[in-house]
Every structure is written in structure tokens, then in C-alpha cells.
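**Q** Sharing a structure, written as C-alpha cells. Questions coming.
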Amino acid sequence: MCAQKRAEGDIGADAKTVLEGPEINRALTRIAHEVLERTKGGADVTLLGIPSRGVPLAERLAKRIEHVEHLEVPCGSLDITMYRDDLRMAPARSLSPTNIPPEGIDGRTVVLVDDVLFSGRSVRAALDALNDLGRPRAVQLAVLVDRGHRELPIRADYVGKNLPTSLRESVTVLVDEFDGRDAVVVGPARSRGARPTDTAAGGTEEAK
Amino acid sequence: MRHLLSAGDLSRDEATLVLDTAKELAQVGDRSVKKLPTLRGRTVVNLFYEDSTRTRISFEAAAKRMSADVINFSAKGSSVSKGESLKDTALTLQAMGADGVVIRHSSSGAAKRLSTWVDGAVLNAGDGTHEHPTQALLDAFTMRERMGRVEGLRVAIVGDILHSRVARSNVLLLATLGAEVTLVAPPTLLPVSVRSWPCSVSYTLDEVLPKSDVVMMLRVQAERMKDAFFPTAREYTRRYGLDDDRFAKLHDDAIVMHPGPMIRGMEISAAVADSPRSTIVEQVANGVSVRMAVLYLLLGGSESAIGN
């Protein structure tokens, strides 16, 4: 996994933590139950995390579903870099692994898992990527945080927490696997490169 | 816009980035839809002044898998046979708006010269006896896939070093990646400057073989030879060919590589070429992934992620 640990400096001094570890745990447990409920037992479910922080979240959901229903859910990752619509706005990015479980995605209910839902552009890219990999029976979306400001007609099926934010804020998810602790942190918007106020920096949270 | 002209221009991080990217892109070849939309709307021109099978097809397949528009140009059947110069051809490409130009030319330095005339990224696909960086990258990728690492590998490059752009690019890249390279050739087939290269040199294949993890055989490039560099082909094969007896001296995990085209019975025996420890066919498959990675890193973003 090539995800970089998020340094304290990235988050900023005046950032405030809105979700702590136990709350994130409870949210994930609830989402796991909701997935089972909505898919009537989760028989054909495949979880695909969007790198980098969607992947550990997908793995945790898989574990919880297994714990509740004693059902092994295939879990993998789906890199969307090559399908992004903002590739030409930044130098070529390095790729993250795509691991499609051996069952494939044809005919299955694929649940995409991401940390933050913002502009919806990452999800659009993920849908395009899925389209090249096969034909799922249905695609659903689970996110830990929905911060609003959609730029595309996309919504999440499972939401850990709805977090109304201003465009002048940034939302950062920390996960134990990469960052040493679980937290959702809201801080002032980070300037990215030469376009600090660009609304397409909607990609900010989703661009990792 | 940046270019890929020499394997020596790549830093260790850049070379590793190419190999890591190629590893992810290799999966595309196993999918039902073998295409990524990444370079949609970009134009890649394959400018081939020299005959080539593998490299041209490989670059074409790589560009097409990334959804770039590909224009193939070979010197035969073009205005070059009417006497048009490289510069005028370059200006034509420039006027047509090529985003990337892949060039193979019989003159050393042609790629570098071209890069001063066009705005697009120039990818050196072999210039004379100088360099062939994507071949070195795919060789390093193949070693990493087979052996799990490149750093610390003992690599013997055997044969016509003097005329080989593959050897030079490999020496530079493998040194960057931390492998130990030994060139093995008759003294007449080593360039004068070889002492300044980051590698060691031996004249005796039998001494080097037992100490090698990777043996890369090179073709004797008769078409570039204007003098007699060795007495007879048979004598060359006796001393520097990888035959079945020599193959047995390699340790059990060692692999045999060849950039192709190979001449069976000359530098490599048919049995060795077809053995499971020969990576010759894998190298071709890996070539497409590595070239996809290079095209993506040069053309995919707002600016190139590698090159000089």
C-alpha cells in the first residue's frame, strides 16, 4: 500500500476532530448491518475499497459482516487514477493496487467503499473503472463521511456521518492502518498547488 | 515537456516509479477490456527509421491500450525516401500536433536532436549504438518479476557490447537500481569508453557464469559491422555462445534473458532459448506494460513525472 501517513502538519493546528475512533467503529458496524439488510443477507456482495483510505475501511466492513452473519464477503481494492477527470491538472500520479477478488464482479452486488464523499468525481471514476472490469448486478456506495457539495448526480447508499461543511474547510479521515489512529478531522482548506480556491479542488478530499 | 532519451537520466526513484506503475498496468492485459481511457485525445507518433518488430508493435499496443491515437511512420514508403531530412519530418509532426514522438533511428543522438525540434515528449526507442531506455526498463522489470528484486543481483551481459544500445542502457539503469553488472565480450567487441561505465568487464564467459543470477545474451549485430571483429561465427559461438554445457554451469535459480531478435545456434542454443528459465517471451509481454507506464508518466499529467 503506497498510502502516506498523514502528518500532523497536514492537518493544521486549528483543526478539530469531529469523529473519534469509537464513533467510527459504531458507524462501520451500523453500515455493515445496513449492507446485510439491503442486500438481503449479503450473499452476492463484493466490497471494493477506493485507495487509499477506502481500502482499510472496506476490509473492516468485511470483517464485521463476517462477524455478524458468519459469511465471508470478498473484499478488494479498485484504483481509479487512470479514470480521473483531473489527471491533466497535476503531474502524473502514481498508481495504487487494484485487487479484484477471484469471484470477479460479474453478476455481483458491488459495494464501493470510500472515506469521504465530496464532489462525487471519484465515484464517477470508480463507476467507469468498474465498467471496464465487468458487469455487476448492482453497484452501491458506502462512505464514512458525506460532506456535501456534490458536482455530479451521485449519492451514497450507506453513510457513516453526514457532515455539513463549507468549501473553505477540509475533511480528513485518519485510519489506524496508515495513520496510527482513527479520526475524522475538519480543518481549514489546504491549498493544493497553484489553485487554492479552485472549486474543482472538490477533488481535494477525494484526491489522495 | 520532458523526454525519455537515456536510461541514465532516470533517478532511482523515477525508475522505481516506472516499474511500480508497469506492475499495476500489467493487470490491464488480463482483463476483458484491455484499455484505459487515460491518454484519450493524445496523439503518439511512432517514427521508425530502422526496421523493428518488437519495439514498434510494443509501443503501438501500449499507446492503444492507453487510448492514445497512434500514427505509424516508417522511413520506407515516406518522404524520407525522397530525401526529406529528420528536421523537416520533425517539423511536419510538430505542425500536426503530436503529443509524443517515439523515435528509432540508426544514428546515435537522433532522439536528443529531435527533442530540440518538437514540443511533444520524445521517447528514444533506440538510436544507433547509443541507447534503448525502454528495453532496459523492461529488462529490469522482468528481473524484478522473476527474482523479486533488482538490487544486489549479479547480471552478466554477454556479446556484442560495442554495437549494443541495449547493453549501454542496461548498464546505466541497473547501476542506478543497485545491481552488479559484468560485461562479457571479446576485447574487439567492447567500446573504448567501457572503463568509465559503472560495471566490471571480463573476457571469459566460463568464469562469470557460475557467479551470475541473470545472464543477458546479446545478438552479434552483423549489419553494423564494417570490419572483422572475430575470426569466424563458429569461434565466437565456442567462446561466447550460451550452449547447453554452459547453461548447466549456471546456478539453479539463474535466468537467461535476450532482448531479441536472437540467432539460435549463434549466441544462444535453441534448447536454452526454449527452457523455462529463459525469459525471452516474458520480456516481450512486459515490454507493453513498461511502455504503457512510460507513456502514462510522460503524457498522462500536466507535466511529465519522469525524464529530463
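Line order of the protein sequences matches chains A and B. Residues in the first sequence are numbered from 14 upward in steps of one, following my numbering. Residues in the second sequence are numbered from -6 upward in steps of one, following my numbering. C-beta atoms are modelled at their ideal positions from N, C-alpha and C, and glycine is treated no differently.
#1: How is D27 (chain A) classed by DSSP in three states: helix, strand or coil?
#2: Is it right to say R134 (chain A) is buried, meaning 16 or more other beta carbons lie within 10 angstroms of its own, or is it exposed?
#3: Under three-state DSSP, which class holds V26 (chain B)?
#4: For A241 (chain B), count neighbouring Cβ atoms within 10 angstroms of its own Cβ and tell me buried if that reaches 16, exposed if not.
#5: Classify F66 (chain B) as helix, strand or coil using the three-state DSSP reduction.
#6: Please classify S72 (chain B) as buried or exposed, where buried requires at least 16 neighbouring CB atoms within 10 angstroms.
#7: Does S99 (chain B) come out as helix, strand or coil in the three-state DSSP assignment?
#8: Which residue comes first and which comes last in the alpha helix (DSSP H) that contains N279 (chain B)?
#9: Is the region 147 to 158 of chain B touching the region 207 to 216 of chain B, taking contact as three or more C-beta pairs under 8 angstroms?
#10: If I'm right that V126 (chain A) touches L187 (chain A) with Cβ under 8 angstroms, what's the distance once you round it to whole angstroms?
#11: Reducing DSSP to helix, strand and coil, say where S162 (chain B) ends up.
#12: Within 10 angstroms of the Cβ of R231 (chain B), are there 16 or more other Cβ atoms? Answer buried if so, exposed if not.
#13: Pull up the distance between the alpha-carbon of D132 (chain B) and that of F223 (chain B), whole angstroms please.
#14: Does E173 (chain B) come out as helix, strand or coil in the three-state DSSP assignment?
#15: DSSP three-state label for Y233 (chain B), please.
#16: Among B:S25, B:S282, B:G70, B:G234, whose alpha-carbon lies nearest the alpha-carbon of E43 (chain B)?
#17: I'd like to know if the region 233 to 240 of chain B and the region 255 to 269 of chain B are in contact, where contact means that at least 3 CB-CB pairs between them fall below 8 angstroms.
#18: Residues of chain B with a CB under 7 angstroms from the CB of L100 (chain A): which are they?
#19: Label T109 (chain B) either buried or exposed according to how many other C-beta atoms from any shown protein chain fall within 10 Å of its C-beta, with 16 as the threshold for buried.
#20: If the cut is a Cβ gap below 8 angstroms, which residues of chain B does T111 (chain A) touch?
#21: When the Cα of P166 (chain A) is compared with those of A:R137, A:V184, A:L180, A:V68, which residue comes out closest?
#22: Return the Cβ separation of L302 (chain B) and A19 (chain B) in integer angstroms, given the expectation that the two are a contact with Cβ distance under 8 angstroms.
#23: Relative to chain B, which residues along the region 87 to 99 of chain A have a C-beta separation below 8 angstroms, given in chain order?
#24: In three-state DSSP terms, what is E72 (chain A)?
#25: By Cβ distance below 6 angstroms, which residues in the same chain neighbour S45 (chain B) in space, the five residues on each side in sequence not counted?
#26: Provide the residue span of the beta strand (DSSP E) that contains M210 (chain B), from first to last.
#27: The alpha helix (DSSP H) that contains G34 (chain A), what's its start and end?
#28: Would you say G56 (chain B) faces chain A, with C-beta separation under 7 angstroms as the test?
#29: Which value, in whole angstroms, describes the spacing of the CA atoms of V277 (chain B) and N117 (chain B)?
#30: Alpha carbon to alpha carbon, what distance is there between E173 (chain B) and D365 (chain B)?
#31: Would the region 59 to 77 of chain A and the region 95 to 104 of chain A be scored as touching if the rule is three or more Cβ pairs under 8 angstroms?
#32: With 8 angstroms as the limit, tell me which residues of the region 105 to 137 of chain A have their beta carbon closer than that to any beta carbon of chain B; keep them in chain order.
#33: The beta strand (DSSP E) that contains A151 (chain A), what's its start and end?
#34: Contact check, R160 (chain A) vs R121 (chain A) under 8 angstroms by CB: the rounded distance?
#35: Which residues does DSSP list as the beta-bridge partners of I261 (chain B)?
#36: Mind checking if A139 (chain A) is an interface residue toward chain B, Cβ cutoff 7 angstroms exclusive?
**A** Concretely, from the data shown:
#1: In the three-state scheme derived from DSSP, where H, G and I count as helix and E and B as strand, D27 (chain A) is classed as coil.
#2: Under the 10 Å beta carbon count, R134 (chain A) is surrounded by 16 or more other beta carbons and is classified as buried.
#3: coil
#4: exposed
#5: strand
#6: exposed
#7: coil
#8: 273 to 292
#9: Between the region 147 to 158 of chain B and the region 207 to 216 of chain B, the count of Cβ pairs shorter than 8 angstroms is three or higher; the stretches touch.
#10: That belief does not hold up - the Cβ atoms of V126 (chain A) and L187 (chain A) are roughly 16 angstroms apart, past 8 angstroms.
#11: The three-state secondary structure of S162 (chain B), taken from DSSP, is helix.
#12: Taking a 10 Å sphere around the C-beta of R231 (chain B), we find fewer than 16 other C-beta atoms and assign the residue as exposed.
#13: 28 angstroms
#14: It is a strand residue.
#15: helix
#16: B:G70
#17: yes
#18: T31, G293, G294
#19: So T109 (chain B) ends up on the exposed side.
#20: E17, Q20
#21: Answer by Cα proximity: A:R137.
#22: Residue 302 (chain B) is absent from the model: chain B starts at -6 and stops at 301.
#23: D92, M95, Y96
#24: helix
#25: Counting only Cβ-Cβ distances below 6 angstroms, and skipping sequence neighbours, we find R97.
#26: In the DSSP assignment, M210 (chain B) falls within the unbroken beta strand (DSSP E) covering 207 to 210.
#27: 34 to 51 is the extent of the alpha helix (DSSP H) around G34 (chain A).
#28: The question names Gly, but residue 56 (chain B) in the sequence shown is Ala. A56 (chain B) does not count as touching chain A.
#29: 17 angstroms
#30: Examination of residue 365 (chain B) is not possible in this model, given that chain B is present from -6 through 301 alone.
#31: no
#32: A105, R106, S107, L108, S109, P110, T111
#33: 151 to 159
#34: R160 (chain A) to R121 (chain A), Cβ: 29 angstroms. No contact.
#35: B:L235, B:R257
#36: no
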